[in-house]
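Here the structure is laid out as structure tokens; the discussion comes afterwards.
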Ligand code: ADP
Ligand code: MG
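Residue numbers (our numbering): 7 to 502.
This is the structure we're talking about:
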């Protein structure tokens, strides 16, 4: 398409077609996929026989045009046979959206379901820096950087299309917080759930749940509500900007006109007394008006030292729900869900290995998986335990737990059902000697001990004996697949 103006006269008709096409696509691909990839398409115009559809980032553009390009063309042609081409490109919102309106996600239901007006989607895939996403572009790729660096002129935070309830994996550590979030999304401002206070460590899903509530509420078709979501940091910047431009009244009014106010990472307001004060008043006003407040922080209200006492008290008045550290089971479910969504086959063994190994938080876990997936896509190689070790070398090293020679001896003895004392005994029977060699081999691989040191731990053997064991095991692993798998398994057990 050239820079010719779209034929405005035809827009109402186009809008009807577009709404129908979107509806079809949504029905075909399902809600989750639609939200993740297609929801942000904007109809930019018609030029001759060519329709232009824009997406906010290059990554989304590429994804949509490779996966859905043909389908989009077919659907357009079905609506209007005169249309020959669909041009999918990167583009911003069709019309500038006023600053605060960006955070106040307008209810959808005001438009008829059949033919919503063409409007600039005010949500963007970009998330806060450091928020690695589930099916995000692979970390490190240019698309990834682009999405993250998406410059936003306004101070309001856009919602991440991946942070929905559907995309949230529920397990013991987060089921309570999840249930509360669901409840608020279904029936905001109900007794006992206002404010909803979500807290927990980094990367455990607080922001995810908040966005999920916001998505749910803005997508409702009955009783639409306006939602303002922003980080406490943004809240402060907006407040300061308002003071500077002498528009605090407007700022207050705008904030006080929402049905649901969500402030993420409230701990940021510690020590920011004026902003805290402002938040406190807004908070009280909204609650009095029967509006819902959702707040997140890294600690419980009572532990947020440095936050004004009266604010802490108020925050603790509704529902306080914490997100606990993940368990192995939850990590595994999350990995399974995300791998399935990424559409790359990842062996269960690899997922189990990652769930064992990367225990810090979900963000890191996702980051590791994303990297594996990107690698597999890039080189067209299947994901295996071996490639996992290779590709995630640095991440795994950082998570390495120190394994001791004693642990290795114990595990190996157990595995081969020999006595622990045989690790250092002089017995040379194959049934004992082979496991001993395996243990030496693993000691060399998994610890930083020198050959003489290892020898000493195995009944004062010479370093040449250890050397021999290492080369013997290596050789056997090459020849005997079953033996190799055995050793590999032991190594994984020890590393986790
Ligand atoms: P927080 O705000 O608590 O620091 P986030 O909500 O940003 O954490 O979560 C970090 C990343 O982990 C996000 O990409 C999020 O989608 C993902 N995540 C966290 N918990 C879950 C979960 N239970 N299921 C799916 N993804 C999750
Ligand atoms: Mg967060």
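Glycine included, every Cβ here is placed at the ideal spot set by N, Cα and C.
DSSP beta-bridge partners of residue i
i           : result
residue 203 : 301, 326
residue 56  : 53, 91
residue 61  : 96
residue 267 : 234, 299
residue 48  : 60
Buried/exposed call for residue i, threshold 16 Cβ in 10 Å
i           : result
residue 397 : buried
residue 34  : exposed
residue 372 : buried
residue 335 : exposed
residue 240 : buried
residue 208 : exposed
residue 319 : exposed
residue 388 : exposed
residue 324 : buried
residue 280 : exposed
residue 109 : Residue confidence for residue 109 is low, a pLDDT of 36 falling below 50, so the modelled location carries little weight and cannot support an answer.
residue 178 : exposed
residue 200 : buried
residue 193 : exposed
residue 495 : exposed
residue 354 : exposed
residue 308 : exposed
residue 486 : exposed
residue 446 : buried
residue 118 : Any reading at residue 118 needs caution, since the residue's pLDDT is 33, under 50, leaving its predicted position unreliable; the model's value is listed next. It counts as exposed.
residue 312 : exposed
residue 250 : exposed
residue 268 : buried
residue 252 : exposed
residue 403 : exposed
residue 19  : exposed
residue 162 : For residue 162, the predicted structure reports a pLDDT of 47, less than 50, and the residue's modelled location is therefore unreliable. The matter cannot be settled from this model.
residue 385 : exposed
residue 80  : exposed
residue 141 : For residue 141, the pLDDT reaches just 32, beneath the cut-off of 50, and the residue's location in the model is therefore unreliable, leaving the point undetermined.
residue 456 : exposed
residue 284 : buried
residue 454 : exposed
residue 377 : buried
residue 197 : exposed
residue 488 : exposed
Continuous alpha helix (DSSP H) stretch holding residue i: start and end
i           : result
residue 411 : 411 to 421
residue 291 : 279 to 294
residue 252 : Residue 252 -> no alpha helix (DSSP H), and no H or E assigned at all.
residue 432 : Segment: none, residue 432 is in no alpha helix (DSSP H) and carries neither H nor E.
residue 488 : 487 to 501
residue 357 : 354 to 363
residue 221 : 212 to 224
residue 400 : 399 to 405
residue 447 : 436 to 452
residue 334 : 334 to 348
residue 458 : 457 to 463
residue 184 : 181 to 192
residue 319 : 315 to 321
residue 385 : 368 to 385
Integer Cβ distance of residue i from residue j, believed to fall under 8 angstroms
i           : j           : result
residue 491 : residue 409 : In fact, because the Cβ distance is near 20 angstroms, the residues do not count as touching under 8 angstroms.
residue 426 : residue 497 : In fact, because the Cβ distance is near 19 angstroms, the residues do not count as touching under 8 angstroms.
residue 242 : residue 275 : 7 angstroms
residue 430 : residue 464 : 6 angstroms
residue 332 : residue 210 : 7 angstroms
residue 266 : residue 233 : 4 angstroms
residue 360 : residue 374 : 6 angstroms
residue 444 : residue 493 : 6 angstroms
residue 205 : residue 328 : 5 angstroms
residue 401 : residue 364 : 7 angstroms
Residue i beta carbon near the ligand COA (any heavy atom closer than 7 angstroms)
i           : result
residue 305 : In the structure shown, the ligand COA is absent; the only ligands present are the ligand ADP and the ligand MG.
(request) Count the CB pairs spanning the stretch 221 to 233 and the stretch 42 to 58 that are closer than 8 angstroms, and state whether there are at least three. (result) no
(message) Check whether the stretch 213 to 221 and the stretch 166 to 180 are in contact - that is, three or more C-beta pairs closer than 8 angstroms.
(response) yes
(request) Specify whether the stretch 51 to 66 and the stretch 86 to 97 touch according to this definition: at least 3 beta carbon pairs, one from each stretch, less than 8 angstroms apart. (result) yes
(request) Would you check if the stretch 248 to 261 and the stretch 294 to 305 touch, i.e. whether three or more CB-CB distances between them fall below 8 angstroms? (result) no
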